[in-house]
Structures are given as structure tokens and as C-alpha cells.
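The opening residue of the sequence shown carries number 700 in this note's numbering; numbering runs sequentially from there. For glycine and all other residues, C-beta sits at the position ideal for the given N, C-alpha and C. All values derive from a computational prediction rather than experimental measurement.
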Amino acid sequence: MSFLALLALLLSLRIAISDLYARRVPNAWLLAGACGAALGLLGAQLAGQPAAVSDHLLGAGAGLVALLPFYLVGWMGAGDVKYFAVLGLLLGLHALLPVWLGASALAGVHVLCVVGLPRLRAVLPLPLQHLQARAVQQWQQHPALVQMHHARQGRVGIPFAAYLAIATLAWVLWPAQGASS
């Protein structure tokens, strides 16, 4: 596994945890990932192992341009866009489409669950509806969930950066794809 792929794995783990827990994508981690990518690409050039620098630079630009319209219309956070650009820098242009498709599929499942579960509850027998309502009430009062909602500071939405991170982990760890990049 290359240095850049390993760096992408480590960054993705950190981003997934942060986005799932607090709906935040820390700029410091993105900057560290971008600097690590730049050092890794420079190191590969100096060591005589020419990495396709143009593929990585194009990946960064394409990652930024691809998701920027979603940020501009308010459908996505800036951290998601910046993270996708850093992924393009780390993994190259060729990795962006499979990562984006995987993340979009996960986001689609998320939406189906958010939309479908309330409708499913409505068709449950009344005793099960009451049982489910009590379970949700107890779950909402659980200290860990209360702490998580406090950490989110009112931020809501689909954790797309986390889904990008999960798709990145899968792509990098998939033996035929990411390990060789």
C-alpha cells in the first residue's frame, strides 16, 4: 500500500468519526491531509518513483469542482467539498468516481431510512407503535445521544463526508483497486 493510500485511510477514519458524531469535517485534518499528499508526491518524485502528479492534481481540482455546485445551492457543507478535493489529491482522479458512487449509494440508503421508517411505523399494530414510541423516547434521553446532539450544535443532514470516507476505505482496501494506487 502506498503512502498516499495509507494517508487516505487514516484521514478517512478521522473524518468518518467526526462527521458521524458531530457533523463536522475539521479543516486542520484536511490541511494535514493535503500537506501529507504534497509531501508524499514530492517524496516519490525525489526517490525516482514518479507518481502521476498530474492525476493527483487533476483529482484535487475535479473533486472541488464536482461538489462545489451542491455547496453553492446549500445541499452540502463546505467540509464535504474540501474533503472530496483532498481525496482527489491523495488518490488521484481515477479514484473519485468509484468513491463518489459508493458515497452516493450510502447517502441514498440514509434517505430511504429517514423517509421510510416513519411510514413503516404507521402500519405497525397499535401495541407495537406504543412500544416503539417508548423505545425512541428512552433512546433520545440516553446520555451518549444527548452528548452527540450537543456536539452537533444544531447541525443536521446527511453525513456525506462520512459516506465518502467509508467509500474511500472500501476502495483503498479493495485488493484489485486502491492497494496499488
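Just tell me which of A759, Y770 and G773 has its CA closest to the CA of L790.
When only C-alpha atoms are compared, the closest one is A759.
With 16 other Cβ atoms within 10 Å as the buried cut-off, status of R833
R833 comes out exposed.
Cβ-based burial, S879 [other Cβ within 10 Å; buried from 16]:
Confidence is the limiting factor: at S879 the pLDDT is only 48, short of 50, which leaves the residue's position unreliable and the question unanswerable from this model.
Going by C-alpha to C-alpha distance, which of A821, F783, L816 and Q744 sits closest to G732?
Nearest C-alpha to G732: F783.
Can you tell me whether DSSP reads H809 as helix, strand or coil?
Secondary structure at H809: helix, using DSSP grouped into helix, strand and coil.
Counting C-beta neighbours from all protein chains within 10 Å, is the total for S753 16 or more, i.e. buried, or is it exposed?
Exposed: under 16 other Cβ atoms inside 10 Å.
Determine the burial state of G877: buried for a count of at least 16 other Cβ atoms within 10 Å of its Cβ, exposed for fewer.
Low per-residue confidence applies at G877: pLDDT is 48, beneath 50, and the placement is therefore not dependable enough to give any value.
I need the DSSP call for V724, collapsed to helix, strand or coil.
Of the three classes helix, strand and coil, the one that applies to V724 here is coil, per DSSP.
What are the boundary residues of the alpha helix (DSSP H) that includes H829?
Per DSSP, H829 belongs to the alpha helix (DSSP H) from L825 to Q839.
Cα-Cα separation between L703 and L719, rounded to whole angstroms
Each residue's Cα considered, the two are about 24 Å apart.
Option nearest V764 by Cα separation, candidates A707, V785, A746 and R820:
Cα-wise, what sits closest to V764 is V785.
C-alpha distance - Q828 paired with A821, whole-angstrom precision
So the alpha carbons of these two residues sit roughly 8 Å apart.
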